[in-house]
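**Q**
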Amino acid sequence: MLDPKVLESWDKEYFWHPFTQMKVYREEENLIFERAEGVYLYDIYGRKFIDAISSLWCNVHGHNHPKLNQAITDQLKKVAHTTTLGSSNIPAILLAKRLVEIAPKGLTKVFYSEDGAEAVEIAIKLAYQYWINKGKRKKIFITLSEAYHGDTIGAVSLGGIELFHGAYRDLLFNTIRLPSPYLYCKQNYQKLCDECKNDLLQMLEEILKDKAQDVVAISLEAGIQAAAGMLPFPKGFLKGVRELTKRYEVLMIVDEVATGFGRTGSMFYCEQEGITPDFMCLGKGITGGYLPLAATLTTDEVFDAFLGEFGEMKHFYHGHTYTGNNLACAVALANLEVFEEEKTLENLKPKINYLSERLQEFWELKHVGDIRQLGFMAGIELVKDRDRGEPFPYGDRTGFKVAYKCRERGVFMRPLGDVMVLMMPLVISFEDMDKVLEALFDTIKSLE
Numbered sequence: 001m002l003d004p005k006v007l008e009s010w011d012k013e014y015f016w017h018p019f020t021q022m023k024v025y026r027e028e029e030n031l032i033f034e035r036a037e038g039v040y041l042y043d044i045y046g047r048k049f050i051d052a053i054s055s056l057w058c059n060v061h062g063h064n065h066p067k068l069n070q071a072i073t074d075q076l077k078k079v080a081h082t083t084t085l086g087s088s089n090i091p092a093i094l095l096a097k098r099l100v101e102i103a104p105k106g107l108t109k110v111f112y113s114e115d116g117a118e119a120v121e122i123a124i125k126l127a128y129q130y131w132i133n134k135g136k137r138k139k140i141f142i143t144l145s146e147a148y149h150g151d152t153i154g155a156v157s158l159g160g161i162e163l164f165h166g167a168y169r170d171l172l173f174n175t176i177r178l179p180s181p182y183l184y185c186k187q188n189y190q191k192l193c194d195e196c197k198n199d200l201l202q203m204l205e206e207i208l209k210d211k212a213q214d215v216v217a218i219s220l221e222a223g224i225q226a227a228a229g230m231l232p233f234p235k236g237f238l239k240g241v242r243e244l245t246k247r248y249e250v251l252m253i254v255d256e257v258a259t260g261f262g263r264t265g266s267m268f269y270c271e272q273e274g275i276t277p278d279f280m281c282l283g284k285g286i287t288g289g290y291l292p293l294a295a296t297l298t299t300d301e302v303f304d305a306f307l308g309e310f311g312e313m314k315h316f317y318h319g320h321t322y323t324g325n326n327l328a329c330a331v332a333l334a335n336l337e338v339f340e341e342e343k344t345l346e347n348l349k350p351k352i353n354y355l356s357e358r359l360q361e362f363w364e365l366k367h368v369g370d371i372r373q374l375g376f377m378a379g380i381e382l383v384k385d386r387d388r389g390e391p392f393p394y395g396d397r398t399g400f401k402v403a404y405k406c407r408e409r410g411v412f413m414r415p416l417g418d419v420m421v422l423m424m425p426l427v428i429s430f431e432d433m434d435k436v437l438e439a440l441f442d443t444i445k446s447l448e
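Laid out in structure tokens, this is it:
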């Protein structure tokens, strides 16, 4: 292996990292991972760290899983990639069938891409063209403040995080925004409750009464605004939105990129609300965290609107070089098999309950301003003064300082600002959960 110091220098010289202030990155010591096993990551110095964020929320069954490794190896011996523009491949066919089998009833068609933002872009374009193909011209999308759907232009147009998206406003199409459900409920009701949910649904209905004839779709994350700092919705909010979209003949896009594949305790959060949206966007955990793959699931109703004679030009002019990649689809199939064979969701339930119990201990820390959880997803918000609701100055990078201190305890984290995110692999043991939570607790306490 190359000298670690050489790798570090080349990393800082040539590699522009995502969501990273490179001036700061180049001044600090950073981790370069070489290998992994289970929930542990190993860097180029041989130090090991629990992957407490599932390598940006995508690892499901741990790293270096033998069945997932084997699926890639077996497929690689056949063919790594063939185009799906006008042709097909076996893993893509089998995965599409399997996704339809496990998705909410009524989602019957699968369009592949490579990441969650692309899955959302596809839903945007499909929804827009659906109405054109039906002989209607609609152009308005409804979304939420503090939304995050990815970093491509269409996905950013649906987004609402000013820090991420503000610089690009002039490039984006306009949307109508409802308030962030969690922030609205906390401000007006001090908690998530039915009254707040009903307020939000009434706001949406007033918009639809006036503008439904021009609304393409409403787009929402599934149950929680994860990138905004783990902001959950009131229970039943998504179900209420679905009822309104049906009543006013508006399409519904649900972004399950972060929540799908077990993160909320069920395979998809839509199951918990008992809904079938017109589009469900998947990514992250679809391959168990192994290879880039995403999918946009939709209905026969949408699909049929794109059928016609060739000269009618109703087909969907969209696709990528690696759409339905053979290797990625093969490992995604194996990922779903592991869910069944290892009873991943069944074994996750006690871990969710245990996480809820352990998180209550963090309230005794004076710099913890809020604790938010949905299933196995959680965020602990750090504040300078809880009584006054005063945040730490953004430039202090308090969340990053806590994450760096956790590394000294063998825990790898990446915060969202000053929200400490817990998105552990679904297979993590109770013992390793304790290590993560104890390291985080002690580090936050050291701020006092």
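1 is the number of the first residue of the sequence shown in my numbering; add one for each residue after it. We treat Cβ as the ideally placed atom computed from N, Cα and C, and that holds for glycine. No experiment lies behind these values; they were computed from the predicted model shown.
#1: Tell me whether the beta-carbon of E256 lies closer than 8 Å to the beta-carbon of A212.
#2: Using the three-state DSSP reduction, which class does M252 fall into: helix, strand or coil?
#3: Anyone know if the C-beta pair for H149 and L158 falls short of 8 Å?
#4: So L126 and I153 are supposed to be a Cβ contact under 8 Å. How far apart are they, rounded?
#5: Please classify L31 as buried or exposed, where buried requires at least 16 neighbouring CB atoms within 10 angstroms.
#6: For I352, which residues from the same chain have a beta carbon less than 8 Å from its beta carbon, with the 5 sequence-adjacent residues on both sides left out?
#7: Considering only the beta carbon of each residue, do E29 and P292 sit closer than 8 Å?
#8: Tell me which same chain residues have a C-beta within less than 7 Å of the C-beta of G319, skipping the five on either side of it?
#9: Please report the straight-line C-alpha distance between Y168 and E431, rounded to a whole angstrom.
#10: Using 10 angstroms around the beta-carbon of E249, count the other beta-carbons present and answer buried if the total reaches 16, otherwise exposed.
#11: I'd like to confirm the pairing. Which residues does DSSP put opposite S113 in its beta bridges?
#12: So, does the stretch 341 to 359 touch the stretch 79 to 95, judging by three or more C-beta pairs under 8 Å?
#13: With DSSP collapsed to three states, give me the class of R242.
#14: Provide the residue(s) that pair with E381 in DSSP beta bridges, ordered along the chain.
#15: Please report the straight-line C-alpha distance between E273 and G236, rounded to a whole angstrom.
#16: On a CA-only basis, which of I207, T298, D151, A92 is nearest Y130? Give me that one, please.
#17: Would you say P277 touches the ligand SAM, meaning its beta carbon is less than 7 Å from a heavy atom?
#18: Reducing DSSP to helix, strand and coil, say where L99 ends up.
#19: How many Å lie between L94 and S88 at the Cα?
#20: F392 and K109 look like a contact to me (Cβ under 8 Å); what is the Cβ gap, rounded to whole Å?
#21: Can I380 and V419 be called in contact, C-beta distance under 8 Å?
#22: Which residues in the same chain have their Cβ closer than 7 Å to the Cβ of F359, if we skip the five residues on either side of it in sequence?
#23: So is L76 buried or exposed if we call it buried at 16+ other beta carbons inside 10 Å?
#24: If we ignore side chains and look at the alpha-carbon of each, how far apart do L7 and K48 end up?
#25: Per DSSP, what kind of secondary structure is K314 in: helix, strand or coil?
#26: DSSP puts R35 in a beta bridge; with which residues?
#27: Near Q123, what residues of its chain come up, given a Cβ to Cβ distance below 6 Å and the 5 sequence neighbours on each side ignored?
#28: For E121, which residues in the same chain have their Cβ closer than 7 Å to its Cβ, ignoring the five residues on either side in sequence?
#29: Please report the distance separating the alpha-carbon of L436 from that of G410.
#30: Just to confirm the assignment, what range does the beta strand (DSSP E) spanning V216 have?
#31: Leaving out five residues before and five after R386 in sequence, what residues of the same chain have Cβ atoms less than 8 Å from its Cβ?
#32: Could you tell me whether the stretch 137 to 149 touches the stretch 307 to 317, using the rule of 3 or more Cβ pairs below 8 Å?
#33: Specify, as a first and last residue, the run of the beta strand (DSSP E) that I279 falls within.
#34: Quick check: what's the CA-CA separation for K5 versus C406?
#35: At the level of alpha carbons, what is the spacing between R137 and I444?
#36: For M1, count the other beta carbons within 10 Å of its own beta carbon; 16 or more makes it buried, fewer makes it exposed. Which is it?
**A** In this structure, then:
#1: Locating residue 256 in the sequence shown gives position 256, where the first residue counts as 1. Locating residue 212 in the sequence shown gives position 212, where the first residue counts as 1. The Cβ atoms of E256 and A212 do not sit closer than 8 Å to each other.
#2: Position 252 of the sequence shown, counting from 1, holds the residue named residue 252. Reduced to three states, the DSSP call for M252 is strand.
#3: Taking the first residue of the sequence shown as position 1, residue 149 is located at position 149. Taking the first residue of the sequence shown as position 1, residue 158 is located at position 158. Against a cut-off of 8 Å, the Cβ pair of L158 and H149 comes out as a contact.
#4: Within the sequence shown, residue 126 is the residue found at index 126, counting from 1. Within the sequence shown, residue 153 is the residue found at index 153, counting from 1. The pair is not a contact, with the Cβ atoms about 16 Å apart (cut-off 8 Å).
#5: Taking the first residue of the sequence shown as position 1, residue 31 is located at position 31. L31 comes out exposed.
#6: In the sequence shown, counting from the first residue as 1, residue 352 sits at position 352. Taken in chain order, the residues that qualify are G265, G375, F376.
#7: Mapped onto the sequence shown, residue 29 falls at position 29. Mapped onto the sequence shown, residue 292 falls at position 292. Between E29 and P292, the CB-CB gap reaches or exceeds 8 Å.
#8: Taking the sequence shown and counting its residues from 1, the one referred to as residue 319 is at position 319. So the list reads L85, once near-sequence residues are dropped.
#9: Taking the sequence shown and counting its residues from 1, the one referred to as residue 168 is at position 168. Taking the sequence shown and counting its residues from 1, the one referred to as residue 431 is at position 431. Their backbone Cα atoms lie some 44 Å apart in a straight line.
#10: Walking along the sequence shown from the start, residue 249 turns up at place 249. The residue is exposed, with fewer than 16 neighbouring Cβ atoms inside 10 Å.
#11: Here the question's residue 113 lines up with position 113 in the sequence shown. Partner(s): A294.
#12: No, the stretch 341 to 359 is not in contact with the stretch 79 to 95.
#13: Within the sequence shown, numbered from 1, the residue matching residue 242 stands at position 242. Residue state, collapsed to three classes: helix.
#14: Along the sequence shown, read from residue 1 onward, the residue named residue 381 stands at position 381. Answer by DSSP bridge pairing, in chain order: D370, V419.
#15: Here residue 273 refers to the residue found at position 273 of the sequence shown. Here residue 236 refers to the residue found at position 236 of the sequence shown. If I take the Cα positions, the gap works out to 6 Å.
#16: Indexing the sequence shown from 1 puts residue 130 at position 130. When only C-alpha atoms are compared, the closest one is T298.
#17: As presented, the structure is devoid of all ligands, the ligand SAM included, so that no description of it is given.
#18: By one-based count along the sequence shown, residue 99 stands at place 99. Here L99 sits in helix by DSSP.
#19: One-based indexing of the sequence shown puts residue 94 at position 94. One-based indexing of the sequence shown puts residue 88 at position 88. As the crow flies, the alpha-carbon of L94 is around 11 Å from that of S88.
#20: The sequence position of residue 392 within the sequence shown is 392, counting from 1. The sequence position of residue 109 within the sequence shown is 109, counting from 1. Rounded to the nearest angstrom, the Cβ distance from F392 to K109 is 47 Å, too far for a contact under 8 Å.
#21: Working through the sequence shown from its first residue, we reach residue 380 at position 380. Working through the sequence shown from its first residue, we reach residue 419 at position 419. Result yes, Cβ atoms of I380 and V419 sit closer than 8 Å.
#22: Here residue 359 corresponds to residue number 359 of the sequence shown, with the count starting at 1. It should be noted that the sequence gives Leu, not Phe, for residue 359. Counting only Cβ-Cβ distances below 7 Å, and skipping sequence neighbours, we find I371, Q373, A378.
#23: For the purposes of this step, residue 76 is taken as the residue at position 76 of the sequence shown. In summary, L76 is exposed, with fewer than 16 beta-carbon neighbours lying within 10 Å of its beta-carbon over all protein chains present.
#24: Working through the sequence shown from its first residue, we reach residue 7 at position 7. Working through the sequence shown from its first residue, we reach residue 48 at position 48. Near 18 Å, if we compare the C-alpha coordinates of K48 and L7.
#25: What you label residue 314 is simply residue 314 of the sequence shown in a count that begins at 1. It is coil, neither helix nor strand.
#26: As a first step, residue 35 must be located in the sequence shown, where it is residue number 35. When DSSP reads this structure, R35 sits in a beta bridge with Y42.
#27: As a first step, residue 123 must be located in the sequence shown, where it is residue number 123. Reading off the sequence, residue 123 comes out as Ala, not Gln. Within the same chain, and ignoring the five residues on either side of A123 in sequence, the residues whose Cβ sits closer than 6 Å to its Cβ are I253, F279, C281, T296.
#28: Here the question's residue 121 lines up with position 121 in the sequence shown. For E121, where only same-chain residues beyond five positions count, the Cβ hits under 7 Å are T152, G154, A155.
#29: To locate residue 436, count along the sequence shown from 1; it is residue 436. To locate residue 410, count along the sequence shown from 1; it is residue 410. First, the residue type needs correcting, since residue 436 is Val and not Leu in the sequence shown. For V436 and G410, the gap between their C-alpha atoms comes out near 8 Å.
#30: Translated into the one-based positions of the sequence shown, residue 216 becomes position 216. For V216, the enclosing beta strand (DSSP E) has its first and last residue at 215 to 221.
#31: Within the sequence shown, numbered from 1, the residue matching residue 386 stands at position 386. Around R386: K366, H367, V368, G369.
#32: Fewer than three Cβ pairs drawn from the stretch 137 to 149 and the stretch 307 to 317 lie within less than 8 Å of each other, which leaves the two stretches out of contact.
#33: Residue numbering aside, residue 279 sits at position 279 when the sequence shown is read from its first letter. The question names Ile, but residue 279 is Phe in the sequence shown. Start and end: 279 to 282.
#34: For the purposes of this step, residue 5 is taken as the residue at position 5 of the sequence shown. For the purposes of this step, residue 406 is taken as the residue at position 406 of the sequence shown. Each residue's Cα considered, the two are about 23 Å apart.
#35: As a working note, residue 137 is residue 137 in the sequence shown. As a working note, residue 444 is residue 444 in the sequence shown. Each residue's CA atom was taken as its position, placing R137 and I444 some 53 Å apart.
#36: Counted from its first residue, the sequence shown places residue 1 at position 1. When all chains shown are included, M1 counts as exposed.
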